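Asks:
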Amino acid sequence: MSYLFTVSPDFTPVHLSGWYIFNTWLQRQSGSPIHLEMYNDFPTQRLAIHNDQVDLIFANPFDAAMLVREKGFLPLVKAAGVSDEAIIAVRADSAVEDVAHLSPGITVAVTEDPDVTMMGMIMLEAGDLNAGNVETTIFDTYVLVAKNLLNDSADVGIFLAEAYDDLSSIVKKQLKILVRSQISVIHHSLMVGPKLADRRDEIQALLLSMAEDDKGKDILKSLGFDNWVKVDDEDMEFMIDLMEALAT
Amino acid sequence: MIQDMKPEDIIGDYKETLLDLYGSICRVVLYTDIETPYPDGKLIVSTTDKNGIITHVNKSFVEMSGYTEAELINAPHSILRHPDMPPAAFKDLWDTVNRGEKWQGFVKNLRKDGGYYWVKATVIPNIRHGEVVSYTSVRRKPSRTKVDECIKLYPTLF
Chain A
1 MSYLFTVSPD FTPVHLSGWY IFNTWLQRQS GSPIHLEMYN DFPTQRLAIH NDQVDLIFAN
61 PFDAAMLVRE KGFLPLVKAA GVSDEAIIAV RADSAVEDVA HLSPGITVAV TEDPDVTMMG
121 MIMLEAGDLN AGNVETTIFD TYVLVAKNLL NDSADVGIFL AEAYDDLSSI VKKQLKILVR
181 SQISVIHHSL MVGPKLADRR DEIQALLLSM AEDDKGKDIL KSLGFDNWVK VDDEDMEFMI
241 DLMEALAT
Chain B
249 MIQDMKPEDI IGDYKETLLD LYGSICRVVL YTDIETPYPD GKLIVSTTDK NGIITHVNKS
309 FVEMSGYTEA ELINAPHSIL RHPDMPPAAF KDLWDTVNRG EKWQGFVKNL RKDGGYYWVK
369 ATVIPNIRHG EVVSYTSVRR KPSRTKVDEC IKLYPTLF
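Order-wise, the sequence lines are chains A and B.
Start counting the first sequence at 1; every next residue gets the next number (our numbering).
Start counting the second sequence at 249; every next residue gets the next number (our numbering).
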């Protein structure tokens with residue numbers, strides 16, 4: 001029996017090969033066949049989850065409540081020292097220096113990343129802006145969000161902080177950060193589904209000892225972090241509660 | 249147990265009042281007109297038990313309240329209660345979360361140094377195995393327009 005592993009579609013493209021290498025490592029360590037399926041977008045991934053096709057997922061925090069409460073997923077680990085943070089940016093030559101200077105009716109460029117958009121909209125709220133009084137345009141990548149700010153098609157961009165930091169210096173010079181979130185407690189999590197629930201402790205132990213050898217360390221590096229940290233049920237429940245509190 | 253505020257902790261000219269807290273507990277409160285602006289991009293997060301006793305705070309809570317983490321843990325959440333906040337707001341909060349629902353509102357919080365800061369607060373009941381076991385409060389930066397509306401409205405609710 002083969003298991004299906006998937007990664008939240010908002011993964012950073014430079015880490016794509018890292019996830020395939022990680023999947024190979026996990027198959028060898030667990031002695032189980034695991035197929036990695038990288039879905040192009042959130043709706044396609046959610047359909048696979050809905051149809052009970054997914055057994056292992058590096059999940060966006062926005063989907064955590066649905067995975068735990070509706071689909072019986074259990075948390076394993078999160079990336080050490082990594083949290084999801086958002087940035088609100090405008091063109092560098094914009095007169096706007098503060099979210100409070102923005103006006104209803106502006107165009108906000110976002111991607112499909114649900115948690116980043118939510119954090120960004122919370123930061124815009126301080127300027128009396130909300131989904132009802134701004135025009136939101138969704139783009140496939142953060143590079144396109146930046147491009148549409150630069151060519152004047154959008155007034156404000158909401159970025160995953162990591163993606164903003166990875167933009168070229170030429171692009172960043174033409175942009176200005178209004179707010180960078182410092183939330184620290186919202187993070188992606190690796191989770192197992194019901195078919196792997198009885199192997200949760202075993203897989204968790206494998207992951208938590210991954211950084212103990214050079215091969216494991218190299219794979220973690222290719223994913224963009226140094227180690228995994230345990231996420232227990234209460235940690236996950238706390239984050240689900242937090243996401244619920246932030247959702248409105 | 250909640251302690252009275254001490255003059256030596258206060259920064260600036262202050263007023264004094266006796267505040268009736270939830271559960272018929274009174275506290276001497278010293279407060280000033282000095283506002284600490286809510287920091288951009290941050291969330292203040294805390295958890296209390298069912299009686300409103302603080303069990304968890306994040307770094308932003310410590311920074312904004314002016315108390316140390318040790319002073320906050322095991323203290324009632326009403327340690328932040330500002331005399332300008334109408335008691336009706338907190339009654340509504342507790343009535344709402346006790347029904348297992350989410351509460352949201354704009355709150356003027358009192359700092360240890362007597363100053364204040366405005367927040368948009370969301371309080372949710374933490375439900376485990378079908379039972380409310382605790383409450384989590386998440387505070388974010390409020391819009392100035394909403395704060396100005398509350399400054400006009402709240403004095404009418406006493």
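Glycine included, each C-beta is placed from N, C-alpha and C at the ideal position.
Fair warning: this is a prediction, and the values are worked out from it, not measured in the lab.
(1) From A:A261 to A:E234, what distance separates their C-alpha atoms?
(2) Report the option in A:E244, A:N227, A:L242, A:L246 whose CA atom is closest to the CA atom of A:A80.
(3) Rounding to the nearest angstrom, what Cα-Cα distance links A:D113 and B:I327 in this structure?
(4) Cβ closer than 8 angstroms: which chain A residues qualify as neighbours of B:Q352?
(5) Give me the Cβ distance between A:F62 and A:D140, rounded to the nearest whole Å; I'm assuming they're in contact under 8 angstroms.
(6) Which residues in chain C sit within 7 angstroms of A:G127, going by Cβ to Cβ distance?
(7) Which chain A residues sit within Cβ distance under 7 angstroms of B:V386?
(8) Could you tell me whether the Cβ of B:D332 comes closer than 8 angstroms to any Cβ of chain A?
(9) In this structure, does DSSP put B:N374 in helix, strand or coil?
(10) When the Cα of A:P104 is compared with those of A:G127, A:D84, A:I122, which residue comes out closest?
(11) Closest to A:I177 by CA distance: which of A:Q45, A:G157, A:K78 is it?
(12) Taking Cβ to Cβ, would you say B:Y286 is nearer than 8 angstroms to B:W351?
(13) Using alpha carbons as the reference points, say which of B:L320, B:F406, B:K360, B:T296 lies closest to B:V386.
(14) So which residues of chain B does A:I21 contact, with C-beta pairs closer than 9 angstroms?
(15) Is B:E264 helix, strand or coil when you go by DSSP?
(16) Could you tell me which residues DSSP pairs with B:V367 in its beta bridges?
(17) What is the residue span of the beta strand (DSSP E) that A:T117 lies within?
(18) Give me the residue from A:H187, A:P194, A:I219, A:G224 with the minimum Cα distance to A:A64.
(19) In terms of residue numbering, what span does the beta strand (DSSP E) encompassing A:R46 cover?
(20) Confirm, please, whether the CB-CB distance from B:K360 to B:S313 is below 8 angstroms.
(21) Rounding to the nearest angstrom, what Cα-Cα distance links A:P33 and A:Y3 in this structure?
(22) What runs of the beta strand (DSSP E), each 3 residues or longer, lie entirely inside the stretch 119-175 of chain A?
(23) Among the residues of its own chain, which have a CB less than 7 angstroms from the CB of B:E283, if the five just before and after it don't count?
(24) Assuming B:R388 contacts A:I122 (C-beta within less than 8 angstroms), just tell me the rounded distance between them.
(25) May I have a chain-ordered list of the alpha helix (DSSP H) segments no shorter than 4 residues that lie completely inside the stretch 264-328 of chain B?
(26) Given the structure, does A:E244 come close to the ligand COA, in the sense that its CB is under 7 angstroms from one of the ligand's heavy atoms?
(27) How far does the alpha helix (DSSP H) with A:L207 in it reach, from first residue to last?
(28) Along the stretch 289-315 of chain B, where does the CB come closer than 9 angstroms to a CB of chain A? Name the residues.
(29) For chain B, find out if any of its Cβ atoms is closer than 8 angstroms to the Cβ of A:E162; answer yes or no.
(30) Cβ of A:I158 less than 8 angstroms from any chain B Cβ?
(31) Name the chain B residues that come within less than 7 angstroms of A:M236, Cβ to Cβ?
(32) Taking 8 angstroms as the limit between beta carbons, can you name the residues of its chain near A:E244, skipping five residues before and five after?
(33) Grab me the residues of B:D340's own chain with a C-beta within less than 8 angstroms of its C-beta, minus the 5 sequence neighbours each way, in chain order.
(34) Examine chain A for any beta-carbon lying closer than 8 angstroms to the beta-carbon of B:R376, and answer yes or no.
(35) With distances taken from CA atoms, which of A:L56, A:E70, A:Q29, A:V77 is nearest A:F225?
(36) Starting from the Cα of B:I413, find the closest Cα among B:L405, B:D268, B:Y279, B:I250 and give me that residue.
Replies: Checking against the coordinates, here is how it stands:
(1) Lying before the first or after the last residue shown, residue 261 of chain A is absent from chain A, which here runs from 1 to 248.
(2) In the first sequence, counting from the first residue as 1, residue 80 of chain A sits at position 80. For A:A80, the nearest C-alpha among the options comes from A:N227.
(3) On the first sequence, residue 113 of chain A is found 113 positions in, with the first residue counted as 1. On the second sequence, residue 327 of chain B is found 79 positions in, with the first residue counted as 1. Rounded to the nearest angstrom, the two C-alpha atoms are 38 angstroms apart.
(4) Taking the first residue of the second sequence as position 1, residue 352 of chain B is located at position 104. What B:Q352 touches in chain A: T248.
(5) Numbered from 1 along the first sequence, position 62 holds the residue referred to as residue 62 of chain A. Numbered from 1 along the first sequence, position 140 holds the residue referred to as residue 140 of chain A. About 18 angstroms separates the Cβ atoms of A:F62 and A:D140, ruling out a contact at the 8 angstroms cut-off.
(6) Here chain C cannot be found, since the structure's protein chains are A and B.
(7) Counted from its first residue, the second sequence places residue 386 of chain B at position 138. Ordered by position in chain A, the residues that pass the 7 angstroms Cβ test against B:V386 are L242, A245, L246.
(8) Position 84 of the second sequence, counting from 1, holds the residue named residue 332 of chain B. Taking Cβ atoms only, chain A never reaches closer than 8 angstroms to B:D332, which makes this a no.
(9) Stepping through the second sequence from its first residue, residue 374 of chain B is reached at position 126. B:N374 sits in a strand when the DSSP states are folded into three classes.
(10) Within the first sequence, numbered from 1, the residue matching residue 104 of chain A stands at position 104. Per the Cα distances, A:G127.
(11) In the first sequence, residue 177 of chain A corresponds to position 177, counting from 1. Here the closest residue by C-alpha is A:G157.
(12) What you label residue 286 of chain B is simply residue 38 of the second sequence in a count that begins at 1. What you label residue 351 of chain B is simply residue 103 of the second sequence in a count that begins at 1. No, the Cβ-Cβ distance between B:Y286 and B:W351 is not below 8 angstroms.
(13) The residue labelled residue 386 of chain B in the question sits at position 138 within the second sequence. Taking only the C-alpha atoms, the option nearest B:V386 is B:T296.
(14) The residue labelled residue 21 of chain A in the question sits at position 21 within the first sequence. The contacting residues do not exist; A:I21 stays about 34 angstroms from chain B at best.
(15) By one-based count along the second sequence, residue 264 of chain B stands at place 16. In the displayed model, B:E264 falls within a strand according to three-state DSSP.
(16) The residue you call residue 367 of chain B lines up with position 119 of the second sequence. Residue pairing by DSSP puts B:V367 in a beta bridge opposite B:V355.
(17) Residue numbering aside, residue 117 of chain A sits at position 117 when the first sequence is read from its first letter. Unbroken run through A:T117 is the alpha helix (DSSP H), 114-125; no beta strand (DSSP E).
(18) Indexing the first sequence from 1 puts residue 64 of chain A at position 64. Minimum Cα distance to A:A64 is reached at A:H187.
(19) Numbered from its first residue, the first sequence carries residue 46 of chain A at position 46. From DSSP, A:R46 is part of no beta strand (DSSP E) but of the alpha helix (DSSP H) over 42-50.
(20) Looking up residue 313 of chain B in the second sequence gives position 65. Looking up residue 360 of chain B in the second sequence gives position 112. Their beta carbons are under 8 angstroms apart, which means B:S313 touches B:K360 by this criterion.
(21) For this step, residue 33 of chain A is matched to residue 33 along the first sequence. For this step, residue 3 of chain A is matched to residue 3 along the first sequence. C-alpha separation (whole angstroms): 6 angstroms.
(22) Taking only runs of at least 3 residues, the beta strand (DSSP E) segments lying wholly in the stretch 119-175 of chain A are 135-138, 156-160.
(23) Stepping through the second sequence from its first residue, residue 283 of chain B is reached at position 35. Answer for B:E283: G363, Y364, Y365, listed in chain order.
(24) The count along the second sequence starts at 1 and reaches residue 388 of chain B at position 140. The count along the first sequence starts at 1 and reaches residue 122 of chain A at position 122. That pair is a contact at about 6 angstroms.
(25) Entirely contained in the stretch 264-328 of chain B, the alpha helix (DSSP H) runs reaching 4 residues are, in chain order, 307-313, 317-320.
(26) With respect to the ligand COA, the structure shown offers nothing to examine, as it has no ligands at all.
(27) Counting from one through the first sequence, the residue named residue 207 of chain A turns up at place 207. Segment 200-208, the alpha helix (DSSP H) holding A:L207.
(28) Within the stretch 289-315 of chain B, the residues whose Cβ lies closer than 9 angstroms to some Cβ of chain A are G289, K290, L291, V293, T295, H304, N306, K307, S308, listed in chain order.
(29) Position 162 of the first sequence holds residue 162 of chain A. Closer than 8 angstroms: no.
(30) On the first sequence, residue 158 of chain A is found 158 positions in, with the first residue counted as 1. No, its Cβ sits nowhere closer than 8 angstroms to a Cβ of chain B.
(31) Within the first sequence, residue 236 of chain A is the residue found at index 236, counting from 1. Within 7 angstroms Cβ-Cβ: nothing; A:M236 doesn't reach chain B, min ~12 angstroms.
(32) Within the first sequence, the letter at position 244 stands for residue 244 of chain A. Once the five neighbours on either side are set aside, the close Cβ partners of A:E244 are A65.
(33) Residue 340 of chain B sits at position 92 when you count from the first residue of the second sequence. Closer than 8 angstroms at Cβ, skipping near neighbours: W351, G353.
(34) The count along the second sequence starts at 1 and reaches residue 376 of chain B at position 128. Output row for B:R376: interface = yes.
(35) One-based indexing of the first sequence puts residue 225 of chain A at position 225. With distances taken between Cα atoms, A:F225 lies closest to A:V77.
(36) For residue 413 of chain B there is no data in the structure shown, the boundaries of chain B being 249 and 406.
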